[in-house]
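What follows is a short report on a single structure.
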Amino acid sequence: MKNNSKIVRVIIYIGLVFWMLVNLFPVYWMFTFSLKSNPEIFGENVIGLPQEWRWSNYESALKTGNMARYFLNSAIVAVATIVITLAVALMATFALTRLIWKRRKTLNKFFMLGLTIPIHASIVPVYVTLSRLHLLNTYWALIIPYSAFSLSMAILVCTGFMNEIPRELDESACIDGCSVWGIFFRIIVPLMKPAVATVGIYTFLQCWNELMFANIFISKSTLRTLPVGVQALSGQYTTEWGPIGAALVLATFPTLFIYIFLSKKIQESFIAGAVKG
Amino acid sequence: MQRMYSKKIYILLFLLPALILFCGVLIAPIGASVYFSLFDWNGLGAKTFVGLNNYKELFTSGAIGFWKALLNSLLLAALSVFLQLPLALALALVLGKKIKGERVFLSVYFMPVLISTVVIGQLWLKIYNPDYGILNIFLRAVGLESMAKIWLGTKETALGSVFVPVLWQYVGYHMLLLYAGVKSVPTELREAAMLDGASDAQVNRYIVLPYIKPIIRISVIFAVTGSLKSFDLIYVLTNGGPMHATEVPSTLMINMLFLRNRYGMGSTIAVMLIVLCFGFALLISAIFREEK
């Protein structure tokens, strides 16, 4: 019996390690071929470490491939989306958890509908509206829809955290003569840091990787975000793989970097969004 | 404080930005999409009211091929439920048992979910490349030259080749949800069963699985609605080609809108997608309730 369970354990570990390699290999391959020359990628040295580390691939991706510009665009859109989502969600959550009125449970449920509405629903009307307002081909064309689609998740997370802040704090601030705005900005918001982090990371990941809106609402090449930029770049460098690999690494690096340091927080945010939805 | 917190003006001010954003971008467009779907419209000129003709055309026209696209996405949904989810569940059950290296395995398995689908798509394009892709290089190296194919460019292999990365990328997502469920099973429950002489398999079957049923339901709903909505990877890999072999409703919708400027028909597909997603979500919930 004991021997038997040992064999089972070994088989389980082999399975786990195999699946780990299946997950890691494409990423490893991406990192290595981003530093190789065509002959190496195409046959001489397909899966080994690069023989000669060609950092020039990164230079061509950043300069000729405009990756630096796309990176900046993505960063601007992501930061603006995070700021707007957080500001709007914190205010709404304050009204939904602190302020006293009748229909707040109903309205909370109404906001949670957003967790299930597919983005397809809004693509044509939002496109038409943006074009009428002459907002296509501006950062706003992405920031506004991204913020709206992040809102439900943000309110969900913020509600959990804000409910845990004791109401006695509000009362004593009130007695000290604090106004509603004062309580919100000086008492509540500073205590919401963990929620801010969770929402910030989740929102960042959503808009950093988004393709459908970015592809349709932006056609000007100087305003492209990374996903669309990478697409364009690969069309441009069809025969040279090194610079494409470099572009892929540049687009992925920030996400993986954050993930290495905050893996638990990121996983929690994904669980929170799913289980309540 | 009660009085201060009950003032209508504050309630309104705090809610207004969220309401405008939410209703403007998410709620009102659903109505607008339904409205547009009743018109023949190229996005610029006048709209012509055509009633339900767009829906009729969508269901009957062979040229549009909506049924084929829907069938493809339903096939993906089936593979997702019967292949991807069991694998995710198995991983979750194993990792939920306080195994050595649990965190490392978990974090690595979840990683592909975080990488941009465009990056994943581009990587798999390179893996599938007929001349220099590692798949064909590998097949040639081990002497299976005849197995090497133009994976994404041949009608017969394209659909399967597109599905592999789609399924691969999200195993980690379902695993994470199920793992969180497995972890929430009270240890006393587990230990009690163990004391009564239950084997690992029995504990999983009779304690863990019933306990995490609500999460399995969520996973199934996500797998099915996600498959119906799938777009990014397919767009990057084949954009519905070759010869519509890998078409799904979303690629069809985008092509209708931005290649053929048929905004009415594009909206019709969007409406169908919303209806299908909600319909399937309700259906799956009902099936799970029935089993109780």
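Residue numbers (the working numbering), protein chains in the order written: chain W, 1 to 277; chain G, 278 to 569.
Heads up, the beta-carbon is just placed ideally off N, CA and C, and yes, glycines get one too.
- Excluding the 5 residues flanking it on each side, E379(G) has same chain C-beta neighbours closer than 6 Å at L372, in chain order.
- In this structure, DSSP gives D408(G) a state outside helix and strand, which the three-state scheme calls coil.
- By the 16-neighbour rule on beta-carbons within 10 angstroms, M452(G) is buried.
- Distance from the Cα of I244(W) is smallest, within the candidate group C158(W), V22(W), L35(W) and C207(W), for L35(W).
- At a C-beta separation below 7 Å, S527(G) has these neighbours in chain W: H120.
- Using a Cβ-Cβ cut-off of 8 Å, M542(G) does not count as an interface residue toward chain W, since no Cβ of chain W sits closer than that to its own.
- Pairing L510(G) with L205(W), the inter-Cα distance amounts to about 17 Å.
- As computed with DSSP, T325(G) is found in a beta bridge with D317(G).
- Chain-ordered listing is empty here: chain G has no CB closer than 8 Å to the CB of E168(W), the nearest sitting near 10 Å.
- For F336(G), no chain W residue has a C-beta closer than 7 Å to its own C-beta; the minimum C-beta separation is roughly 18 Å.
- Beta-carbon to beta-carbon, A78(W) and C207(W) are separated by about 5 Å, close enough to satisfy the 8 Å threshold.
- Here L233(W) is actually not in contact with G114(W); their C-beta atoms are around 33 Å apart, not less than 8 Å.
- The beta carbons of F217(W) and L136(W) sit closer together than 8 Å.
- In the three-state reduction of the DSSP assignment, G273(W) falls in the helix class.
- At a cut-off of 8 Å between C-beta atoms, F565(G) does not count as an interface residue with respect to chain W.
- Within the region 373-392 of chain G, those residues whose Cβ lies closer than 7 Å to any Cβ of chain W are, in chain order, F382, S384, V385, Y386, F387, M388, P389, L391 and I392.
- Judged by DSSP in its simplified three-state form, M278(G) adopts coil rather than helix or strand.
- The three-state secondary structure of P491(G), taken from DSSP, is helix.
- Restricting attention to I495(G), L296(G) and A355(G), the CA atom closest to the CA of F565(G) is found in I495(G).
- For R186(W), the secondary structure class from DSSP, reduced to helix, strand or coil, is helix.
- In the structure shown, N413(G) falls within a helical segment according to DSSP collapsed to helix, strand and coil.
- Annotation for I561(G): R494, V497, I498 and V501 place their beta carbon closer than 7 Å to its own, counting only its chain and skipping 5 residues before and after.
- What T252(W) touches in chain G, judged by beta-carbon distance under 8 Å, is I392, S393 and V396, going in chain order.
- Taking one beta carbon from each stretch, the region 67-75 of chain W and the region 150-166 of chain W have fewer than 3 pairs nearer than 8 Å; the two do not touch.
- Sorting Y28(W), L21(W), I41(W) and W19(W) by C-alpha distance to the C-alpha of W241(W) places I41(W) at the top.
- Residues of the region 38-57 of chain W with a C-beta less than 8 Å from any C-beta of chain G: I41, F42, G43, V46 and I47, listed in chain order.
- Taking 9 Å as the Cβ-Cβ cut-off, the region 336-370 of chain G approaches chain W at L364, A367 and L368, given in chain order.
- At a cut-off of 8 Å between beta carbons, R186(W) makes no contact with chain G.
- Neighbours of P227(W) in chain G, taken as residues at a C-beta separation under 7 Å, are given in chain order as S393 and V395.
- For chain G, the residues of the region 200-215 of chain W that bring a beta carbon within less than 9 Å of one of its beta carbons are L205, W208, N209, E210, L211, M212 and N215, in chain order.
- Restricting attention to P519(G), G449(G), V419(G) and V548(G), the CA atom closest to the CA of G437(G) is found in P519(G).
- Within 10 angstroms of the beta-carbon of Q361(G) lie 16 or more other beta-carbons, which makes it buried.
- Y139(W) carries a coil assignment under DSSP once its states are collapsed to helix, strand and coil.
- R537(G) sits in coil when the DSSP states are folded into three classes, being neither helix nor strand.
- In the DSSP assignment, C207(W) falls within the alpha helix (DSSP H) that extends over K193 to N209.
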